[in-house]
Each structure stands twice: as C-alpha cells, then as structure tokens.
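Residues -20 to -1, 1 to 993 in mature numbering (1 follows the signal peptide of the UniProt record, and there is no 0) are what the sequence shown lists, from first letter to last.
Working notes for the structure below.
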Amino acid sequence: MKILFPPIALLATVSLGAFAGDGQQSDNTPSLTALTHATIVLSPQKQLTDATLVIENNKIKSVLSDNNVPAGAFEINLTGYTIYPGFIDPYTNYGIEYKAPEEKHEPPVYEIKRIGGNAANGAIHAEKEWFSYVYPDKKTAQKWLTNGFTSVQSAFQDGIFRGTGVSLSLADKNANQVIYKARTHQFISFDKGSSPQDYPNSLMGSIALIRQTFSDARWYNENMAKAKEYPEMKAPEFNIALEKLGNLKSSGVIFETTNLNNELRAAKLLKAEKLPIHLLGSGQEYARIDELRQYSPQLILPLNYPAAPDVTDEEKANNTSLSILRHWERAPANAAVLASHKIPFSLTQHGIETNAFWPRLKLAITAGLTEQQALAALTTEAATAAGIEDIAGKIAPGYMADLVVTKGNVFADGTIVSVWTQGEEHKLVAKSADWDGEYSLNLGNLELTLNLEVPQTKGKAKGTLSAGDDELTVAHLTVDDDKVSFSAELSAAGIDGISRFSLWHDAQGVQGRRIAADGSIEPINGKKLASESTAKSEPKPAQASYVSKLVQPIQAFGAPTLPQAEHLLLKNATVWTSTDKGILENTDVLVADGKIKQIGQNIAAPSGYQVINAKGMHLTSGIIDEHSHIAINGGVNEATDAVTAEVRIGDVVDPDAVAIYRSLAGGVTTANLLHGSANPIGGQAQVIQLRWGETAENLKFTQARPGIKFALGENVKQSNWGERFSKRFPQTRMGVKALFTDAFNAAKEYQEQREDYAELRSREKRRTLEPRPNLRLEAVDEVLNSERDVHIHSYVQSEILMFLRLAEQFDFRVKTFTHVLEGYKVAPELAAHGAGASTFADWWAYKFEVYDAIPQNACLMARKGVVTSINSDDYEMQRRLNQEAAKSVMYCDMKPEEAWKMITINPAIQLGVDKVTGSVEAGKQADLVLWDHNPLSAYAKTKAVWIGGKRYFDRAVNEQRTQDIAAEKAALIQKVLSSDEQRKQGEKSTAKPEPIWHCDTEFHAWDSHKEAR
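Below, the structure written as structure tokens:
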C-alpha cells in the first residue's frame, strides 16, 4: 500500500510552498513504489529476471533479486514486462524559451550593435547559458516520451558559437525541478544562423572565425587571470563571450556538422585546440571511417537515412547519381560500422520525424548493430554525451527513477508501455491491453472461449463468448488493468438466466468466478491461448547484403584501393623534359620509390620492374595549373571584408570532387587552389596534388610555398555588384592602393607590438598586456617577411605597375601576376621585378578591363624574360591545358618545348616546387603523363598518369570502371524498385550540389548560392 502523511502535514507543506524560495515542491511526502517480478535491464551489459525495482520519491532506492517488497511500498506487478533505463537524447532544442532577436538591416552589414559586452561578431553567442531559458513544455515533451526518452540535452541551435547547453528531465514539472545539469557543453557549428552580419559568408570564413575566437578566448582569459594577480597590469576590455569560452577544456564542445567533410574539419579544429572531440554525426561516417577514427571522436548520431531516390522512369534514373544510390543502400549500416571500429556514439532524434526513430533503429539492427550496442547508445553513451552519467543512463541505487517499461524486447517486436520520469509514470499503452486475445475458460464441465479486443490506447473493448459452435451474447463488458467483468446469457449452454463474470490474472494464468442468476458463485480457471503470430518463433532478420562498392571517395570512379608506388621502366618514349634538353626521342625513363631514377637509352630493366613499351608515345611531366578553383567546399570567396587574409582554402579542400579525377585524366597532377577575387586581400591558397581517393589532408602538396590571393580591378571595388554594395572601402582604384598600404602598415605595427612585448617580457620582466593575436594581420605580415607568396589577380597595366612599386616600397617580391592580360605592355618591368605571369591563352573582351587583351600576351612576356604560365581558372579548361598551351605555338610561333614549359616547369617555379616536380629529370618526383599523341595535339589522350610514382589514372582501368559503374547502378536501381515501402522512407535531401566556383563567384548569406558576375 502507499503510505500518506496526515492531511495537516500536507496542508503545512502546501502553505510553506507559497512563501518558500525557488525549487520548493508542493508535496515532498516520502513514498515507496515497488515494480515487482519484472525483467530489469540494469545496463547494456547486465540484466536481472523476476526482480523488483524500488523507487523512493524521484530516485531508485534499490534493486531486489528476491522480490522481497519493502513494508509499506505500493506494489505494481510487472510480470511479463521489461524495465530499461530511461533513454537520453543528447542533441535537442527542447524546453528552450527563446527567440533570436531580429535586427532590421539592409545588407551588407559589416558591424553589429554590441550590447552588454558581447562579441564583435553576430554569430558568436558563447555567453548564452541555456538553463536560464528553460521552460518545460508537456506537449512538446511527448515527441521524446513516446519513444522512451526520459531526458535530453538542449541548446538553442543558432549561430556559430551557440552557448552552453543544459540537460533536462522530460518530467511534467517546473524548470527548477527538471534541470539535471545546468551547464553542459558549448555548442558550435559552421552555420552563422540568424546573424545579420556579412562576415562570414563562406565555410572557410566560418572556420577562420572559429579559429580566431579560440585564440581570442585563450588570450583573453590568460590575460584576465594575470591582471587579477598583478594589479598594475592592464586587463583586456570586458568580453562576456570570450569569458564563457575560458573553460572549454573541462566543459568540452558539441560540434554540429551537416556532412562528412565538415565532420572531419570540425574534428581537426578541435584536435588542434586539444579539446575533447564531440560531434553531431552526419550519417555518412562509414565512407571515411579510418580517417575519422584517427581523431578518436565521440559522436551523437542521427538516424537520418535518405529516402529512396525516384528511379521509376529512365530520365529520373539517369539523373540519379551513383553516390546517392550507394548512400541509400549503406546508410542503415552506418551505426554498425561505427561500433565495429570502436567509435563511441549515442543516438538522437535530431533531424527526423518522431515516428521514424524506432523503424530506423530496427533497420540499423538488421544491418548489423547489436541490441546491446543500441541500448548503450540510448543510455550509457548518451548519458556521457549529456554530462549526466552520474544520475542517469542505467538502473542503480541513487540514480533518477527514469525508466522505460516494455512488453517484449523493445529492439525487436516489443512495445513501450510506459515511461517513468523522476518516479512518475506516463502511460503510453494501457496495461488493460494485456487482456487482448483469446481465452479458454473452464466452468465446471463447461468449456467457454472468450475473445477480447482491447485497444492499446483509448477506445472501447469488445468481446465475444462461445460454447462450442454456439455464440453467446456478451454485455456490460469492462476491462481495466487488473480485471475483466461482463455478463452473458448462457441458455444455449444449458444455463438459465444472466450470469455475471469476473476474471483476473494470477501466477497460474486466468482465474475468476461466475455469479449465477440465483446468486450462487462458481469458480473459473482458464488460460490465454497463444495466437498464431506468437506461437511461431519470429524469424531472424536476414543479414544485410550490399550491391554497392565501398570506394574512396564513395562515388563514381572512386578508387577501391589506393595505388602503390611502382617500379617501372618506360622504354622508347618521346620524352618532353621541360628542361634545356628539350624533347628526347627513343628515350627510356626508370622510376622507383616515387622518383625518377634514370633517363637515357637502352636502360636495362632491373629485376622485378614493370616494363612499358612506350614506342610511338610521348612522356611528359604532369601538368601544373597555377590558378584553379576545383575541389573547394562552401564558397571560393569570403566576399565580405576588404581584407580576409585569415581564411584558408586549405580548410575547405574537397577530396570528393570529381573534378580531381577528370583533371587527372587530362594530365593535370598539381593545382594551386586560389581564393576568388572579391577583395583586395583574399584568403590563403592551397596547392594540391590530384591524388584521387586520398583524404583532404593527403591531397595537400606540403613542399609548395605558402601562397595568398590578392586582387586588383573591377571585382575588388565592387564595380558590378549592384547599388547596395557601396559601403565597403575601397570603391575606386586609388582606394585599392590605399587599402593595401593601410593593411601593410597595420601588419608591420602589429609585428612590432609583438616584438616589443617579447623584449619587455624578457629584458625588464614587466607585466603588461600581451597584444591580441590577429590571424588576419599575421598572414599579411608573412607576405611582408617573404614567407608567403602573393598571387595577384590583375588585368590593366596601370594597376600592375602600381602594385609592383608598392611591393618594392615594402620590400617584398610578387611571385605571380595571374590573368595579367595587359602584361605584354609592362613585360620589362615584370621581368626586372622578378615577378612571374600566369595568363589565359586567348580570353578577352568578356568585361571592360580586358578589352586590350591579345592572344600573343604569353609569348611577348616570355620573350622579355618573364616566367610565364598558362592557367585555367576554369573547371572545364583545366582538363585541356595541353591544348591551351598549344595556342601560343599557333599565335606566335612559340617553340613546342617552350609552350609545354608554360604548363609544367614554369608554374612549378611560380609555386615553389620546381625542385620537386615540373620536369622529367633524374631525382625529381615521378609526376609523369604518358600520351598516345603529341601532347600539344587536340587528339592527344592520356594513357596513364603517375604522381609520386603511383598510377592514379589508367585509361584501360577507367574503361573497365565505366562498365562496372553502369552494372552497379543498374543493380542498385533494381534494389530500390524492389524494396518495400518502409525501406524507401527517409529524409529528402536538402543539400545543394557544390557549385562550379569561378574567380568572381559570390556566395551571399542572404542569397544562398547567388552568383554575381
């Protein structure tokens, strides 16, 4: 029974509550509840059968294996039921009563209103502590309760630094009572959300802002601590956002990512900060599982399986990519892959409909996830992710009485009957539903059959009674948790009058009694008959089998394995050396250990070497593109501030871009990925080698000189951007020069301040405020110190001359003027300065500042001693750079071997890799292309392409892959068409394909994927 205090005590408690402080409960009456004879799952590794769970108030008091119920406890018999720990969702926005402020601004917006010592950027809300905004919502809580969740971790999901989360119970109580942990993790994303501020408007801008903010927080909190210790030291100006980021190493962060590449970027950022790596998963982890595992992350995993693509007609099927089909097939196995690779994860309902959660989870179990792993992801792992592992996530004394009660195995065909939050039950299925089914009742020598139809939730029960073939009338049927009662007229069975029946369960089955018309009582015993569906054992789900191939990257032409360095002898080739030796006929090239070992004639093949007879073929060094925008995610321009030197193309390299493979097939082995031309000082460049199938990090050409994109001309002064772009300085060509001068002087002053600070600290031991690290000015200072090369977008001779003089004034040299379409007018000046030139073969007249372009530009500059290259700046042209180089032979009789240098050794010089690649010379890296014709011919095709002696493209292999891809795609389409409706369900993709970026592509936050030319 349940013990109650006398009414006067209760009255006193209520009266005190009217005057008590926060957190005073209206009824603190101690009570005991015993859930008896249940199967109790204590944790993913341990369970008890026929055991009792004792709850006192809102916590678990004890777990008893002997069902010895404590005196005075209210007993609930759960024979045939299973009790699990309450499930926890560690990534929600539940219970946060907050709306982002709407600032009315006409874009562009360069600065925000700073209120209360907040951050300078509107996407940083690190100061928010979301427990201050908790307001439980009973109706919304049902979205989690119906699936067995009893607690959640919440934060308002807006901005880049989103504030500190809070862990909450889903109990129907006030905010003070449901907060389990007031401060959990700082939430972060790459999405600036509702911020009206322009910066950042690209993915690389978001990454740069995060990196700078981490640096600022470190600087701020260290100097604040010093200022407290030494009163004479000046403290930094107050910044609440940075203050709240001072304990990240202890609190940790949860980083939201929307795709696999961003997930890996987030992991890299956190690893660089030496922070615990907690990530909201993408659902695509299986595709680069080995790379992800190197970061030792902890994931919160949405079950966001993609909906089956529509392949019902030929056109729709042709427009469905192989990568989409592969992901549809593989997504359900993602959790199992993580588990098999020992990557811990919890599960969340984030991003999916409530009613999809359990079907998705059961599909994951069919695909190889074990029930124990699934339970851990819902309980112990989730509790850790939510920071409440000391009070939730398992059943143990002292833990919160957050429970899930099921009929049967919840991971198979079981049903969640009720959920307990803080010791209070939320019934999801009426216990009376246990009576549903068919019963055999023995009434003396009479055998009756009772059929009951009892709804699981609300609804009226129905029943029929029969004796043999005789149907008997049932009336006054009532069904509750403990008893069934009805009346029936039994004259067909030889019994007069109307009989009243009462039935109840006990350990032996069904017991009851009949009250006859004359008032006499007759006992009943019976049993529930097994239904056909439960009489047979459930067949085990078939093991998942796959049609799709796991390749790197997981799309068409992905590599099943990465190539290995070959020991190779190419014989009798026509070798275009890109050196003073020119073109060598009938020449052999020996390759080993990734390098060119020997060049000559009649070289004997060492033992174990592969020999390729290249007679009639041409062998060249790999093509190098000085100016490219392929393989970039999330925007090529951080087109906001006039100086964005802190952003890095290296942060957003896309290893999945098929342009890598296509350019490789065109003989390109190296590309300089440049920021666009939206601002005078743009972002840092990244040189890559087109190692198809490698990770983003392994694409990077580490021997290349660091570079940065500068720009002149119409784009940087926003000439063609529209009327609203009239605020940003500069708006004129003379303003462009002034901006460069200001930026260079600011960088010099910044470096001087840091040097002065270091000297004061070492010489006088003075305690003074350290200059705030500024990643933007540090990059500009690297230019002034000749540590970072300038590749500058340019067209007209007046601006080219201006920047030459400015560079000489600040004592650095311009590495390359790119485009430089009026370079022929100032070629002697370029040569005297030592600047290279990278130009188009024959683009002109596409805007006003290129009206004076001529196709002889490359030849005229080269003749004046300028190191000249031909670049693409174009997705398609990059695959035809051999033909672009040939145009100078046509336009101005350039020697073929000199034309070939413009796409090999010359761009290698401009990128600082000429000691490594760019020519066919002994000792250099074996970046080689074998052609079937003269490489300057429009008919030339690559036969094979090596980078570092590894064959990343082979035309014969490519032809076989093309056939294999067609067969695989056809098989996957058949699998989609033959799948059942449940397997076809999933999220419709909202991701837009990556645009083909150009130098002047703008990516505005308020006009997503808008392109301004």
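Think of the CB as a built atom: it goes at the ideal place given N, C-alpha and C, for glycine as much as any other residue.
Nothing here was measured: the structure is a model prediction, and the numbers come from that model.
By the Cβ neighbour-count rule, alanine 906 is buried, with 16 or more other Cβ atoms within 10 Å of its own.
In this structure, lysine 689 sits away from alanine 651, with a CB-CB distance that is not shorter than 8 angstroms. Look at the beta carbons and you see the stretch 526 to 538 not touching the stretch 859 to 874: under three pairs across the two are nearer than 8 angstroms. Residue Val763 holds the alpha-carbon nearest to the alpha-carbon of leucine 786 among Glu802, His799, Val763. Taking lysine 41 as reference, the option from Leu279, Lys923, Trp823, Asp382 with the minimal CA-CA separation is Asp382. Looking at the DSSP output, leucine 445 sits in a beta bridge with Leu430, Leu452.
In the three-state scheme derived from DSSP, where H, G and I count as helix and E and B as strand, tyrosine 775 is classed as coil. Counted as a single uninterrupted DSSP element, the alpha helix (DSSP H) harbouring aspartate 270 occupies residues 269 to 273.
By the criterion of a C-beta distance shorter than 6 angstroms, tryptophan 415 is surrounded in its chain by Leu432, Val434, Val459, Val464, once the five residues flanking it on both sides are discounted.
Bridge pairing for methionine 857: absent [DSSP]. Annotated three-state conformation of alanine 207 is helix, per DSSP. Proline 887: member of the alpha helix (DSSP H) spanning 885 to 890, first to last residue. Taking 8 angstroms as the cut-off, the Cβ atoms of leucine 952 and leucine 44 do not count as close.
Nearest to isoleucine 885 by C-alpha distance, out of His607, Lys251, Met870, Ile603, is Ile603. The C-beta distance from asparagine 422 to isoleucine 504 rounds to 7 angstroms, short enough to fall under 8 angstroms. Looking at Ile668, Pro660, Asn659, the one whose alpha-carbon comes closest to that of alanine 639 is Ile668.
With a minimum length of 3 residues, the unbroken runs of beta strand (DSSP E) contained wholly in the stretch 521 to 582 fall at 548 to 556, 563 to 572, 575 to 580. Collapsing the DSSP output to three states places asparagine 862 in a helix. Its Cα nearest to that of leucine 801, the residue Ala838 stands out among Tyr61, Ala473, Ala838, Val114. When C-alpha distances from leucine 58 are compared across Lys39, Thr29, Gly66, His85, the shortest belongs to Thr29. Ranking His258, Leu244, Leu250, Leu255 by CA distance to the CA of tyrosine 266 puts Leu244 first. Excluding sequence positions up to five before and after leucine 840, its CB lies within less than 7 angstroms of the CB of Tyr804, Ala807, all in the same chain and listed in chain order.
When the Cα atoms are used, glutamate 236 and alanine 246 turn out to be separated by approximately 8 angstroms. When secondary structure is reduced to three states using DSSP, alanine 936 falls in the helix class.
Taking C-beta atoms as the reference points, serine 482 and alanine 497 fail to come closer than 8 angstroms. Ranking Ile563, Ile56, Ala902 by CA distance to the CA of lysine 875 puts Ile563 first.
Here the C-alpha atom of aspartate 476 lies approximately 11 angstroms from the C-alpha atom of alanine 468. Between tyrosine 871 and proline 835, the CB-CB gap stays under 8 angstroms. Within the stretch 587 to 651, the complete alpha helix (DSSP H) segments at least 4 residues long are 638 to 645, listed from N- to C-terminus. The bridge partners DSSP lists for tyrosine 419 are Leu430, Lys508.
With a cutoff of 8 angstroms on beta-carbon distance, alanine 376 and leucine 33 are scored as not near each other. In this structure, alanine 347 sits near alanine 313, with a CB-CB distance shorter than 8 angstroms. By the neighbour-count criterion, in which a residue is buried when 16 or more other Cβ atoms sit within 10 angstroms of its Cβ, serine 643 is buried. For lysine 508, the CB contacts under 6 angstroms within the same chain, skipping 5 residues up- and downstream, are Gly417, Tyr419 in chain order.
Excluding sequence positions up to five before and after alanine 366, its CB lies within less than 6 angstroms of the CB of Ile68, Pro70, Gln133, Ser147, all in the same chain and listed in chain order.
Looking only at Phe136, Ile92, Pro87, Lys84, the smallest Cα-Cα distance to lysine 108 is reached by Phe136.
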